[in-house]
Structures are given as structure tokens and as C-alpha cells.
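Quick note on the working numbering: the sequence shown kicks off at 213 and runs consecutively.
For each residue, glycine too, the CB sits at the ideal point set by N, CA and C.
Notes for the one structure printed next.
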Amino acid sequence: MEEYMNIQYITGKEELIDNVKELWNKLNEYHTNNSKYFSEDFRKYKFEDRSKGLQEKAKEGSIKIDLVKNKDIDKLVGYCISTIDMKNIGEIDSLYIEKEYRGVDIGDKLMKNSIEWLESKEVNSIRIGVSVGNDKVLKFYERYGFYPRVTILQKK
213 MEEYMNIQYI TGKEELIDNV KELWNKLNEY HTNNSKYFSE DFRKYKFEDR SKGLQEKAKE
273 GSIKIDLVKN KDIDKLVGYC ISTIDMKNIG EIDSLYIEKE YRGVDIGDKL MKNSIEWLES
333 KEVNSIRIGV SVGNDKVLKF YERYGFYPRV TILQKK
């Protein structure tokens, strides 16, 4: 399907953070609706807080933001944010693709681009945090060599 769409990939750094706001809010809404124990925390979590945290990570380490745009309708339809912290740990911090654009290799391209970038920076390790309630993405991440290592429990 992607070959029939006029898809453009845009890569940058922290200057692109504000571009993901609308899509990030959709991801956060998904987590709010699907979190087994912490829906209220997601409900209270605002993009401005997330943006501030990413800006700080960018200052201390490095950040890469990939945007996916459907040029036919001039609309962002996905993004991936990857960071490297001051301990040289790479993380795929946030990945979201609009529902109607899933299953057409956009996520695959974003994952491969992020992993390639992180590996080119010779990070010590690469990780992804997956919220409880979003378990269906685990199989997707396994395709790229990511497996659960530890489960962290948090008191409500």
C-alpha cells in the first residue's frame, strides 16, 4: 500500500518535537484507554511535559526524530523518536503510526532507521519501554530483536 501513497520521511532533531504533538496525544489517549492500572497517570500526562523531558535528553545526549507525512493530504501520519542518554544507552522512546497506515511497512522502516542510527552511534544497549496494556506490540518489537528483560512494578 505504501507504494501507492505519496509518503515522505523527514528526519531531524529536537526542532521537530512540536510536530508530533497531535500524534503523541493520540498515543497517550490509547495508553489512557488501555492501561490496566495507571490510566489516570496517562490522562494527566501532557505533551508539554513529554516535550520538556525529550529536550532535556537531547541536551544531555542525542535525539533523532523521524516524521512520516502523506504528501497527498499534507498530513503527518506517524513518527519515531529515538534518544541516547548520557550513559550512552539508546532508546526508541516513542513510536506511533495512524491506524490506517499500519501494516504497510512504515513501522518497519522507522524501526530499522532508528536501530541503524543508534548502532552507528555505538550505544551500549538499545531499549524500548512498553506500557502494560499495550502487550500486542511485543510481537512487533520481537521482529527487531527486542525481548522483555525485567518487569518493573510501581505502587499506585
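Note to self: So if DSSP puts Q220 in a beta bridge, which residue, or which two residues, is it bridged to?
What the structure shows: For this step, residue 220 is matched to residue 8 along the sequence shown. DSSP, once it has assigned bridges, lists K281 as partnering Q220.
Check: Are the beta-carbon atoms of D278 and N325 separated by less than 7 Å?
Finding: Walking along the sequence shown from the start, residue 278 turns up at place 66. Walking along the sequence shown from the start, residue 325 turns up at place 113. For D278 and N325, yes; Cβs fall inside 7 Å.
Notebook entry, point to check: Count the other CB atoms within 10 Å of the CB of M213; is the residue buried (16 or more) or exposed (fewer)?
Noted result: Locating residue 213 in the sequence shown gives position 1, counting from the first residue. With a pLDDT of 46 at M213, under the threshold of 50, the predicted position of this residue should be treated as unreliable, and no value is reported.
Item checked: K315 burial status per 10 Å Cβ neighbour count (16 or more: buried) -> On the sequence shown, position 103 is the one that residue 315 refers to. One point to set straight first is that residue 315 is Gly, not Lys, in the sequence displayed. Exposed, by the Cβ-count rule.
Note to self: Just verifying my parser: in three-state terms, what is the DSSP assignment at T295?
What the structure shows: Start at 1 with the first residue of the sequence shown, and residue 295 comes out as number 83. Three-state DSSP puts T295 in a strand.
Notebook entry, point to check: With a Cβ-Cβ cutoff of 7 Å, do V289 and E272 count as a contact?
Noted result: The sequence position of residue 289 within the sequence shown is 77, counting from 1. The sequence position of residue 272 within the sequence shown is 60, counting from 1. Against a cut-off of 7 Å, the Cβ pair of E272 and V289 comes out as no contact.
Next item on the list: Would you mind working out which of K276, I364, P360 sits nearest E328, comparing C-alpha positions?
Entry: Position 116 of the sequence shown, counted from the first residue, corresponds to residue 328. If we check each option's Cα against that of E328, K276 comes out closest.
Notebook entry, point to check: Over what stretch of residues does the beta strand (DSSP E) that includes G302 continue unbroken?
Noted result: Sequence index remark: in the sequence shown, residue 302 carries index 90 (1-based). Unbroken beta strand (DSSP E) run through G302: 301 to 309.
Next item on the list: Evaluate Q220 with the Cβ neighbour count: other Cβ atoms within 10 Å of its Cβ, from every protein chain shown; 16 or more gives buried, anything less gives exposed.
Entry: Working through the sequence shown from its first residue, we reach residue 220 at position 8. Exposed is the call here.
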